Structures are given as C-alpha cells and as structure tokens.
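Its first residue numbered 124, the sequence shown is counted upward by one per residue in the working numbering. Since the structure comes first, as structure tokens, the remarks are kept for the end.
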Amino acid sequence: MEKEFLENNLNVNRRHFLGKMAMGVGSAALGSLLLPDLFKGSGGAGDELPLGIKHFASKAKRVIMLFQNGAPSQLESFDYKPTLNKMFGQDLPESIRGGQRLTGMTANQDKFPLVGSKFAFNQYGQSGTWVSDLFPNIAKITDDICVIKTMHTEAINHDPALTFLQTGSQQGNRPSMGAWLSYGLGSENKNLPSFCVLLSRGRGNGQGVYSKLWTNGFLDSNHQGVQFSASEDPVLYLNNPAGIDMQSRKKMLDHLASLNEMGYQEFGDPEIHAKIQQYEMAYRMQTAVPEVTDISKEPDHIIKMYGADCMQPGTYASNCLLARKLSESGVRFVQLYHQGWDQHGNLPGEMPKQAEDVDRASAALITDLKQRGLLDETLVIWGGEFGRTNYCQGKLSEGNYGRDHHPRCYSMWMAGGGVKAGTSYGETDEFGYNIVKDPVHIHDLQATIMHLMGLDHEKLTYKYQGRRFRLTDVHGKVVKGILA
C-alpha cells in the first residue's frame with residue numbers, strides 16, 4: 124500500500140530514488156576531495172563557511188601588491204595641483220592645515236611654504252587621467268587602471284603606517300593581508316606557497332622592511348609569507364645538504380612526520396601539524412621553485428617589455444616578472460616591496476631615479492597579464508603607506524625641495540581583478556591637503572581587496588585569546604565606486 128502510494132503520488136520508485144541518491148553521494152565525495160575540511164565542522168561558529176570556500180563569487184583569484192616602500196609623493200605622480208605652483212613659497216593657510224599633527228621633522232618650522240611639482244602633468248587615455256612626466260609608461264596604461272586619490276591613514280610615521288596597511292593594526296604580531304588570504308582561501312598550487320614576498324631596493328633613501336610585515340601572527344605558521352632572495356638559492360635552505368638525495372630526503376621527512384605526529388597525539392598543539400605541512404611543502408618546492416624562478420626561457424619581446432634589468436635578480440623589474448610567473452603558477456598573494464621613496468630633501472634629484480626604476484616594469488606587468496588573459500583574474504595594487512606634504516620640509520629654493528609625511532590624503536592605483544578600469548576615484552582640495560569627496564581609509568582598501576577575492580571581511584575571522592579578530596578589526600567598508 125505504501126509503495127503504491129509513493130509511486131502514484133510522488134512519482135518515486137526505487138530506481139529513481141537510488142539514482143538521485145547516487146548523484147548526491149558523488150557530489151559529496153567530490154566536495155570532500157577538493158576541500159578536505161568541508162564536513163569537518165566549524166567549532167561552534169554556525170554561520171561560518173569552511174575555509175577554502177568563498178563567501179560569494181569572486182572577481183579576482185590572485186593579488187600582486189607592488190608596494191612602494193617609503194611613500195612616493197602623490198603631488199609628483201597622480202594628483203595634479205597647479206594651485207601649488209601659483210602659490211609657490213606662500214605659507215600654508217591654517218584653515219587648510221586644520222590642526223593636522225606634524226612629524227618631529229617639521230613641527231618646529233616657523234613657516235610651511237607651499238611648493239608645486241617641478242614635473243609637468245598631462246592627461247592620458249580616454250579616461251583623461253592626470254599623470255606626471257615621471258611615469259611615461261604608466262601613463263600609457265591609464266585606461267587599464269583606477270587611480271584612487273583619496274587614500275588616508277591614521278599613522279604618520281613609517282613603521283606604524285607600514286604595519287597598519289599590511290596587517291590592519293599599527294602594532295605588530297597581527298597576521299598580514301597575504302596570511303589572511305592564505306588562511307581563508309588556501310593555495311591553488313600545492314607545490315608553491317600561497318603567499319610569497321619579493322624585495323628590491325631603489326636608488327633613493329630607503330626605509331627598512333622586516334618580517335613582521337609578512338607574518339602569520341596568531342594564524343598557523345604555514346600561512347606566513349615565504350621570502351624569495353636574489354641569490355642563487357631563491358628560497359634559503361631549500362636544497363638538499365651535500366650527500367643527501369631526494370629519496371633520502373623523502374625518507375627522512377616521512378620519519379620526521381611520524382615523530383611529529385606522535386608529539387601531536389601527546390600534546391595536541393596544532394602548530395605541530397603546521398610544521399609537518401611546511402616540511403612537506405619545502406620538499407615539493409625543490410622541484411617547483413627552480414622552474415618558476417627561471418626567466419631564461421622568457422621570449423625576447425617579454426624581456427624587452429620589462430627592460431634589461433629584469434635579467435638581474437633582485438631588481439624591481441626582475442621581481443615584477445617573477446611576480447607574474449608566481450601568480451600565473453597559482454600563488455595566491457605576491458607581495459613586492461621596493462624601497463627608496465623617502466624624499467624629505469632633494470626630491471627633484473631623487474624621485475626621477477626612483478620613478479625610472481619602477482615605471483617601465485609596473486606598466487609591463489599590467490600589459491603582460493592582459494595579453495595572457497590573466498589581468499581579469501589578477502588584482503594588481505600600486506602605492507605606499509601614506510602621502511607627502513604640499514609644503515617644503517626644510518629650506519625651499521627654486522630648484523630644490525623636500526616633502527614630509529602626510530597621512531591625510533594620498534594616491535594609489537589598482538588594476539584588473541574586478542576594478543573599474545580607466546577611472547579616477549575621489550577628489551582632494553586645490554592644495555592637495557584634504558579630501559573633499561569619496562575618502563578611502565586603509566581598512567576600506569583591505570575590505571575591498573577581500574571582497575574582490577570573494578571574501579566578506581566581516582566574516583573571515585579567527586578566535587584568539589578570547590575574541591574574534593579580522594584583518595579590518597571593527598572597521599572598513601567595500602568601496603563600491605571602484606568596482607567594475
């Protein structure tokens with residue numbers, strides 16, 4: 124009777140039921156293979172998705188951050204302010220300064236003489252974006268980028284500003300942005316780290332960078348950034364010691380993993396499993412890293428596009444090309460630091476050299492990604508930790524000036540990965556000192572990056588010492604005006 128009722132009223136028979144069930148089991152099995160933690164459970168946070176699953180469809184798969192360490196002047200790059208040239212040498216009006224705190228380097232100045240850019244600006248592309256003559260190659264790609272003119276931060280000195288942009292906190296020991304994305308999304312390539320760091324030094328005054336900028340913080344240590352060097356061994360201590368071959372190394376790692384597993388069973392420290400994963404990753408990287416860092420097979424037209432410097436390991440150009448290769452190979456977050464942008468004095472003499480070091484390769488990276496069909500899925504970010512003052516630090520002359528730190532407004536640009544190309548976002552006043560339209564805070568930038576990667580910055584959290592942490596702390600909103 125029951126069987127007859129089901130077949131007549133629900134149109135369900137045994138064959139139909141088993142067929143549907145088989146499809147469900149198969150889907151579950153596939154999901155568990157692709158995401159091993161899919162059915163693990165969330166440990167009490169019922170509204171959280173398992174790690175490795177995006178909160179919504181993403182625009183970007185990977186991020187390349189071209190960080191200009193030391194803070195390039197927005198007034199000599201992307202924020203054209205002719206008023207400053209007209210008012211050369213006049214004191215900054217107190218009504219414009221508005222009580223803005225100063226660094227110890229200019230706090231004791233009697234006057235704050237305004238100074239405009241020594242370098243000419245022109246409009247480029249269909250977008251008509253203003254770009255300084257210092258960046259002729261970036262000027263050619265203005266229709267592929269979005270210039271944000273209204274970035275602002277809370278820090279006024281390098282160390283806290285660097286740390287704030289990279290980790291969401293001015294104090295150290297917090298996970299960096301790359302570590303958060305590694306934690307939330309995992310890796311696309313099991314043979315390479317999900318977070319890689321590249322360093323280069325320019326010809327100007329440098330500000331140091333340090334490992335806390337790519338730290339995993341309180342996250343598992345397998346999420347920390349892996350630094351690549353310019354030496355013969357791009358990743359230190361990766362190669363086998365003398366007299367040890369790959370087979371012997373694998374046997375040693377297997378035994379070490381079994382010993383560590385015994386330790387985990389006794390102490391339950393999750394960091395032990397993270398160490399096991401790191402050893403195994405290092406073993407796989409022995410094959411993957413030499414291949415991805417070898418640029419000798421790049422065609423001549425690519426070398427010409429990036430410039431001859433790309434053949435010299437450790438240069439900005441070389442690191443831009445390596446960033447493309449790492450991203451193309453599935454590295455989730457590539458962080459490039461280029462030092463030398465701290466022009467407190469002799470800006471007209473130093474900044475052109477810095478710009479020359481980065482202009483060609485930055486534009487080449489965008490062009491290279493675009494012609495490979497990778498730009499739409501790769502988010503590229505260019506900029507520093509804060510801006511520069513519209514007044515001169517120290518003595519002002521017709522041909523020479525310097526600029527102090529300015530956190531209240533500065534410029535960055537973004538490209539690819541769901542960003543609205545060929546646009547300028549936000550406006551500063553005619554003095555280039557205050558924001559008058561569409562401000563973008565550091566936490567807003569971080570929230571937007573995570574959004575483009577398919578993550579809700581309010582939902583990607585980690586419980587540590589009794590509270591839930593996130594990259595944006597309790598702040599941040601997605602900047603919808605720059606989304607394509």
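No residue lacks a Cβ here, since even glycine has one placed at the ideal position from N, Cα and C. Values in this document were obtained by computation on a predicted structure and should not be read as measured data.
Please state whether DSSP places E217 in a helix, a strand or coil. Three-state DSSP puts E217 in a helix.
Considering only DSSP beta bridges, list what N245 is partnered with. Under DSSP, N245 forms a beta bridge with V254.
Could you give the residue range of the beta strand (DSSP E) that holds G506? That run of the beta strand (DSSP E) goes 501-506.
Taking the alpha helix (DSSP H) that K448 falls in, what are its first and last residues? K448 -> alpha helix (DSSP H) spans 439-451.
Where H424 falls, given that 16 or more other Cβ within 10 Å makes a residue buried: Flag for H424 reads exposed.
For T595, three-class secondary structure by DSSP: Coil.
From the DSSP secondary-structure annotation, give me the bridge partner or partners of H415. In the sequence under discussion, the amino acid at residue 415 is Val, which differs from the His named in the question. DSSP lists no bridge partner for V415.
Expected contact under 8 Å - CB spacing of L198 and Q213 to nearest Å: The pair is not a contact, with the Cβ atoms about 16 Å apart (cut-off 8 Å).
Going straight from the alpha carbon of K163 to that of Q289, what length do you get? Reliability fails at K163, whose pLDDT of 48 lies under 50, so the model's placement of it is uncertain and the value that follows must be treated cautiously. Each residue's alpha carbon lies about 30 Å from the other.
Should N260 be labelled buried (16 or more other beta-carbon atoms within 10 Å of its own) or exposed? Buried.
Could you tell me if G167 is buried or exposed, where buried requires 16 or more neighbouring beta carbons within 10 angstroms of its beta carbon? Its pLDDT being 39, under 50, G167 is placed unreliably by the model, and nothing is read from it.
Assuming contact is defined by CB atoms lying nearer than 8 Å, are Y548 and C269 in contact in what I supplied? The answer is yes: Cβ separation under 8 Å.
Pick from Y306, L445, D368: whose alpha carbon is nearest that of K177? Minimum Cα distance to K177 is reached at Y306.
The alpha helix (DSSP H) that contains K420, what's its start and end? Unbroken run through K420: none, as it is neither H nor E.
Write down the C-beta distance between L304 and R455 rounded to the nearest angstrom, noting that I regard them as a contact closer than 8 Å. L304 to R455, Cβ: 6 Å. Contact.
Using a 10 Å radius around the Cβ and a threshold of 16 neighbouring Cβ atoms, would you call Y203 buried or exposed? Counting Cβ neighbours within 10 Å, Y203 comes out buried, since at least 16 surround it.
CA-CA distance, G169 and K582? Low local confidence applies: a pLDDT of 39 at G169 is under 50, so the model's placement there is unreliable, with the coordinate-based value given in what follows. Their Cα atoms are separated by approximately 12 Å.
Could you check the C-alpha separation between S165 and T595 for me, to the nearest Å? Low confidence applies here, because S165 scores a pLDDT of 43, under 50, leaving its location unreliable; read the following figure in that light. So the two alpha carbons sit approximately 21 Å from each other.
Start-to-end residues for the beta strand (DSSP E) that takes in K335: From DSSP, K335 is part of no beta strand (DSSP E); its letter is neither H nor E.
Would you call the CB atoms of G430 and A440 closer than 8 Å? Cβ atoms of G430 and A440: closer than 8 Å.
In whole angstroms, what is the alpha-carbon distance linking V481 and P195? Each residue's alpha carbon lies about 11 Å from the other.
Residues that S323 bridges to, as DSSP identifies them: Bridge pairing for S323: H461 [DSSP].
Is the Cβ-Cβ distance between V332 and N192 less than 8 Å? Yes. Within cutoff.
With DSSP collapsed to three states, give me the class of C532. DSSP places C532 in coil when its eight states are reduced to three.
Between the C-alpha atoms of W464 and G325, what's the straight-line distance to the nearest angstrom? Put simply, the backbone Cα of W464 is about 8 Å away from that of G325.
Rounded to whole angstroms, what's the CA-CA distance from P357 to M188? Just pull it up for me. A direct Cα-to-Cα measurement between P357 and M188 gives close to 19 Å.
Over what stretch of residues does the beta strand (DSSP E) that includes Y587 continue unbroken? Here the beta strand (DSSP E) through Y587 covers 585-587.
Could you tell me the distance, in whole angstroms, from the CA atom of I239 to the CA atom of N208? Before going on, a small fix: residue 239 reads as Gly here, not Ile. Roughly 4 Å separates the two Cα atoms.
How far does the beta strand (DSSP E) with Y548 in it extend, from its first residue to its last? Element bounds for Y548: 546-548.
Sheet register partners of N192 (DSSP bridge): Residue pairing by DSSP places N192 opposite Q462 in a beta bridge.
I'd like to know whether the C-beta atoms of P562 and A278 end up nearer to each other than 8 Å. No, these two residues do not count as a Cβ contact at 8 Å.
Alpha carbons only, please: which of E553, Q223, S181 is nearest the one belonging to E500? The shortest CA-to-CA distance from E500 to any of E553, Q223, S181 is the one to S181.
Is the number of C-beta pairs between the stretch 215-231 and the stretch 572-587 that are closer than 8 Å three or more? Cβ pair count under 8 Å is below three, so no.
On the criterion of 16 or more Cβ atoms from any shown chain inside 10 Å, does G510 qualify as buried, or is it exposed? For G510, the number of other beta carbons within 10 angstroms of its own is at least 16, and it is reported as buried.
How about L322 and Y460: are their beta carbons less than 8 Å apart? Yes, they are a contact pair.
Under 8 Å between the Cβ atoms of L497 and K543? Between L497 and K543, the C-beta gap is not smaller than 8 Å, which leaves the two residues out of contact.
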